[in-house]
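A.B. asks:
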Amino acid sequence: MSSPSSEEKAPTPLRICCYGSSSSRTPAKYIDAAYNLGKIIAERGHTCVNGAGSNGCMAAMNRGANDGGGSIVGVIHEAFVVDGGDWLLEGAHSVFKNTKHTILTAKGNDLQERKKLLVEGADGLVVLPGGPGTWDELWEMACARHIGFHALPIVCVNVDGYYNDFKSILMRAHEDELLYKLPEEILHFEDSAEAAVKWIEAYLATEATKPEQDQKKVIQRRTSMLKRMQSNLSGSTMTVWGRMTSFFGDDISDDDDGKGTRYRRSASLSSFIMFAAGVSVGLLAASKVGLRKT
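Take the sequence shown: its position 7, counting from 1, is numbered 10 in the numbering used here, and each next residue is one higher.
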């Protein structure tokens with residue numbers, strides 16, 4: 004079966020958040036990928052959400068989405084709102100003068116609300132090449148997916164191998180048993196914008212066919228941090244020790260289909276014995292000091 008054309012509307016319209024560079028020095032190959040991303044998102048009937056920038060990948064994806072006849076939501080910080088006039092935006096792309104598109108304004112003395120507004124209601128996340136700001140947004144969302152705070156599919160458009168090192172560091176972390184999920188369950192990589200959008204569509208379509216119980220599995224498997232902390236304060240010494248060693252989820256297994264691996268506990272029985280012996284010696288010394296004082 005042939006894959007659907009990028010010019011065909013997708014069966015389900017999505018809200019796709021996009022990260023990428025805002026630098027005027029962004030190389031042409033990244034600009035081209037960003038324009039294609041915006042145009043494909045529009046042609047497939049999706050909404051493109053981004054930082055509203057007038058340079059770099061953000062500008063190119065805004066041009067592409069506008070040229071494709073799509074809807075765009077730009078998220079800016081109130082620091083860029085000027086004088087309360089009709090055209091309030093300094094540095095935002097000119098496409099937002101079109102009343103078809105939407106501008107959301109974040110408040111606060113940092114970027115946290117802006118980050119929240121970017122992903123609020125999003126169905127998926129596409130990451131183009133960018134600098135530290137893009138990486139910050141990407142890794143924050145990757146971390147949140149890793150520990151189960153959201154299930155948004157995240158895909159990097161790996162233009163000319165730009166994100167190869169991110170792939171490598173995830174693999175290294177997996178090999179060193181520092182991850183709770185497989186690398187591909189945290190971040191996905193595609194070589195082109197079209198492939199990235201269609202991967203998100205396919206991923207969400209597959210998830211939609213799963214039983215509701217399976218969709219909620221990650222939530223059911225993970226108790227809140229508060230409950231973990233409370234559980235560590237009750238039970239026998241051995242139980243407490245075991246819970247403490249698994250506090251951050253090293254005893255969590257992947258899906259029941261056997262594709263994942265069960266992470267090993269870091270504390271051995273000998274470590275516990277040494278710990279218990281140390282506590283005993285300390286208590287004995289304290290009791291002797293108390294007897295001398297009496």
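Positions of the beta carbon are idealized from the N, C-alpha and C atoms, including for glycine.
Can you check which of these residues, 192, 109, 212 and 204, is closest to residue 14 by C-alpha distance?
C.D. replies: 204
A.B. asks: Please classify residue 24: is it buried, with 16 or more other beta-carbons within 10 angstroms of its beta-carbon, or exposed?
C.D. replies: buried
A.B. asks: So what does DSSP say about residue 177, is it helix, strand or coil?
C.D. replies: helix
A.B. asks: So residue 154 is in the alpha helix (DSSP H); what residue range does that whole segment cover?
C.D. replies: Careful: residue 154 lies outside any alpha helix (DSSP H) and carries neither H nor E.
A.B. asks: Measure the CB-CB distance between residue 98 and residue 79 and report whether it falls below 8 Å.
C.D. replies: no
A.B. asks: What do you get for residue 211, buried or exposed, if any count of 16 or more other CB atoms within 10 angstroms of its CB means buried?
C.D. replies: exposed
A.B. asks: Mapping the DSSP letters down to three states, classify residue 50 as helix, strand or coil.
C.D. replies: strand
A.B. asks: According to DSSP, residue 105 sits in a beta bridge with which residue or residues?
C.D. replies: 76
A.B. asks: Confirm, please, whether the CB-CB distance from residue 129 to residue 19 is below 8 Å.
C.D. replies: yes
A.B. asks: So, helix, strand or coil for residue 28, using DSSP?
C.D. replies: Three-state result, residue 28: coil.
A.B. asks: Find the nearest neighbour of residue 11 within the set 164, 71 and 147, judged by alpha-carbon distance.
C.D. replies: 71
A.B. asks: Going by the DSSP bridge assignment, what does residue 192 pair with across the sheet?
C.D. replies: 159
A.B. asks: Which residue from 43, 44, 119 and 165 puts its Cα closest to that of residue 143?
C.D. replies: 119
A.B. asks: Quick check on residue 124: buried or exposed, where buried means 16 or more other Cβ atoms within 10 Å of its Cβ?
C.D. replies: exposed
A.B. asks: Contact between the stretch 150 to 168 and the stretch 190 to 208 is defined here as three or more beta-carbon pairs at a separation below 8 Å; is this criterion met?
C.D. replies: yes
A.B. asks: Just checking, does the stretch 144 to 152 make contact with the stretch 103 to 113 on the three C-beta pairs under 8 Å criterion?
C.D. replies: no
A.B. asks: So, is residue 181 buried or exposed, given that buried needs 16 or more other C-beta atoms within 10 angstroms?
C.D. replies: exposed
A.B. asks: Specify the secondary structure class of residue 121 as computed by DSSP and reduced to three states.
C.D. replies: Judged by DSSP in its simplified three-state form, residue 121 adopts helix.
A.B. asks: Does the Cβ-Cβ distance between residue 50 and residue 73 come in under 8 Å?
C.D. replies: Contact: yes.
A.B. asks: In chain order, what residues of the same chain lie with their CB nearer than 7 Å to the CB of residue 141, ignoring the 5 residues before and after it?
C.D. replies: 22 and 130
A.B. asks: Just verifying my parser: in three-state terms, what is the DSSP assignment at residue 207?
C.D. replies: Note: residue 207 maps to helix in three-state DSSP.
A.B. asks: Give me the Cβ distance between residue 48 and residue 65, rounded to the nearest whole Å; I'm assuming they're in contact under 8 Å.
C.D. replies: At roughly 17 Å, the Cβ-Cβ gap does not stay under 8 Å, so residue 48 and residue 65 are not in contact.
A.B. asks: Can you tell me which residues form a DSSP beta bridge with residue 18?
C.D. replies: 50
A.B. asks: Since residue 67 is in the alpha helix (DSSP H), which residue starts that stretch and which ends it?
C.D. replies: 59 to 70
A.B. asks: Classify residue 175 as buried or exposed, calling it buried when 16 or more other Cβ atoms lie within 10 Å of its own Cβ.
C.D. replies: Answer is exposed; the Cβ neighbour count stays below 16.
A.B. asks: Closest to residue 46 by C-alpha separation, out of 32, 26, 37 and 69, would be which residue?
C.D. replies: Taking only the C-alpha atoms, the option nearest residue 46 is 69.
A.B. asks: Just how far apart, CA to CA, sit residue 36 and residue 61?
C.D. replies: 11 Å
A.B. asks: Tell me whether the beta-carbon of residue 58 lies closer than 8 Å to the beta-carbon of residue 26.
C.D. replies: The criterion of a C-beta distance shorter than 8 Å is satisfied by residue 58 and residue 26.
A.B. asks: How many Å lie between residue 44 and residue 138 at the Cα?
C.D. replies: 22 Å
A.B. asks: Report the residue from 179, 177, 106 and 207 whose alpha carbon sits nearest the alpha carbon of residue 156.
C.D. replies: For residue 156, the nearest C-alpha among the options comes from 207.
A.B. asks: I need the DSSP call for residue 23, collapsed to helix, strand or coil.
C.D. replies: coil
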